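J.:
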Ligand code: 13P
Ligand code: SF4
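In the numbering used here, the protein residues as written are 164 to 472.
(1) Following a CB-centred definition, is residue 288 positioned closer than 7 angstroms to any heavy atom of the ligand 13P?
(2) From the DSSP output, read off the bridge partner residues of residue 328.
(3) Compare the beta carbon distance of residue 413 and residue 347 with 8 angstroms and say whether it is the shorter of the two.
(4) Going by DSSP, what residue range makes up the beta strand (DSSP E) through residue 272?
(5) Could you tell me which residues DSSP puts in a beta bridge with residue 474?
(6) Where does residue 220 fall in DSSP's three states?
(7) Quick check: what's the CA-CA separation for residue 461 versus residue 344?
(8) Taking a contact to mean a Cβ-Cβ separation below 8 angstroms, would you say residue 498 touches residue 366 in this structure?
(9) Can you tell me where the beta strand (DSSP E) holding residue 358 begins and where it ends?
(10) Under DSSP, the alpha helix (DSSP H) around residue 339 begins and ends at which residues?
(11) Can you round the beta-carbon distance between residue 229 and residue 209 to whole angstroms, since I take them to be within the 8 angstroms contact cut?
(12) Let me know if residue 455 comes out buried or exposed under the rule of 16 or more other beta-carbons within 10 Å of its beta-carbon.
(13) Work out the CA separation of residue 164 and residue 218 for me, nearest whole Å.
(14) Here's the rule I'm using: 16 or more other beta-carbon atoms within 10 Å means buried, otherwise exposed. How should residue 179 be labelled?
(15) Going by the C-beta, is residue 335 closer than 7 angstroms to any heavy atom of the ligand SF4?
(16) I'd like to know whether the C-beta atoms of residue 244 and residue 431 end up nearer to each other than 8 angstroms.
(17) Quick one: grab the DSSP three-state call for residue 373.
(18) Mind checking residue 185: buried by the 16 CB within 10 Å criterion, or exposed?
(19) Rounded to whole angstroms, what is the Cα-Cα separation between residue 319 and residue 313?
(20) Tell me the rounded alpha-carbon separation between residue 426 and residue 267.
(21) Please return the same chain residues whose Cβ sits closer than 7 angstroms to the Cβ of residue 321, not counting the five positions on each side in sequence.
(22) Taking all protein chains shown into account, decide if residue 416 is buried (16 or more other Cβ within 10 angstroms of its Cβ) or exposed.
(23) Using the three-state DSSP reduction, which class does residue 407 fall into: helix, strand or coil?
(24) Which residues in the same chain as residue 265 place their Cβ atom closer than 8 angstroms to its Cβ, once the five residues preceding and following it in sequence are excluded?
(25) Could you tell me the alpha carbon to alpha carbon distance between residue 373 and residue 291, rounded to whole angstroms?
(26) How many whole angstroms separate the CB atoms of residue 383 and residue 410, which I take to be in contact at a CB cut-off of 8 angstroms?
(27) By Cβ distance, which residues of its chain are closer than 6 angstroms to residue 284, with the 5 residues on each side in sequence left out?
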């Protein structure tokens, strides 16, 4: 009898579909994907897809971004409830009110937000290009940055720009415990700490490297050190370990003990191999973005992609 993975690969061929997966997906899903990457890489890849169907193994805002960039393709997501605490923290009506109160501000939004929020933005960014995007704005222009206050604080500390921040955060990156991290570092004093910029300031202050998921993998590959404590969602360890099989990777510990003694994204983990199969078979749930929103949301995403070349 064929395995579930084999049946997915057959169905993918039959349906002329591609699977794009984020590094936080469970290992089995990453293994059957055509492309695994960070938010920027996934957007760039989605734009180039020529197949009929994009199965997005990630969360809702990522699948929506793929649909905005490549609207003639059918974009499907294994579980429509796969959301994001950052996207949920930023309701369009409240955000519109906030931006209307500051009409002189340029609105920069982190890609982890809904299509409606992108449609209210001047330019989008991801964690891999946020510093570059903010630095591209003339110094005298005031900036609203949303929805991630932790990424916002990090950008302020790096660029010296005084930005107005929306009060959103990632529950997964706020789960890291500084006390436990210090304890782990005492056990592995020669390990370098690397962190995603969605983490809180006190975690980032301990890090030798701060960057996107793709940036963190690249750092571990190119840095001569042999041990790393990794402060981001634990799914990243799968691809990272494949890239550096002889290096020791230690997940940063979360405040509350959970199954992996690390931090996992419950939204990302809603997608399972079985749901990927069912979703491909039924070509559903499908992502739909109203055309008026899509057109408006496309402009700030295209500005970001242009600046990321
Ligand atoms: P990147 O993969 O772009 O670093 O983003 C991390 C993340 O939290 C995605 O939801
Ligand atoms: Fe959202 Fe955080 Fe999960 Fe990424 S890890 S999808 S930012 S909740």
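For every residue, glycine included, the Cβ atom is placed at its ideal position computed from N, Cα and C.
Model, not experiment: these values are computed from the prediction.
T.: Working from what's here:
(1) no
(2) 308
(3) yes
(4) 269-273
(5) Beyond the ends of the chain as shown, which are 164 and 472, falls residue 474; an answer cannot be given.
(6) strand
(7) 40 angstroms
(8) Residue 498 falls outside the range modelled here, since the chain spans only 164 to 472, and no answer is possible.
(9) 355-358
(10) Unbroken run through residue 339: none, as it is neither H nor E.
(11) 4 angstroms
(12) exposed
(13) 25 angstroms
(14) exposed
(15) yes
(16) no
(17) strand
(18) buried
(19) 10 angstroms
(20) 39 angstroms
(21) 294
(22) buried
(23) coil
(24) 305, 307, 327
(25) 10 angstroms
(26) 7 angstroms
(27) 270, 272, 463
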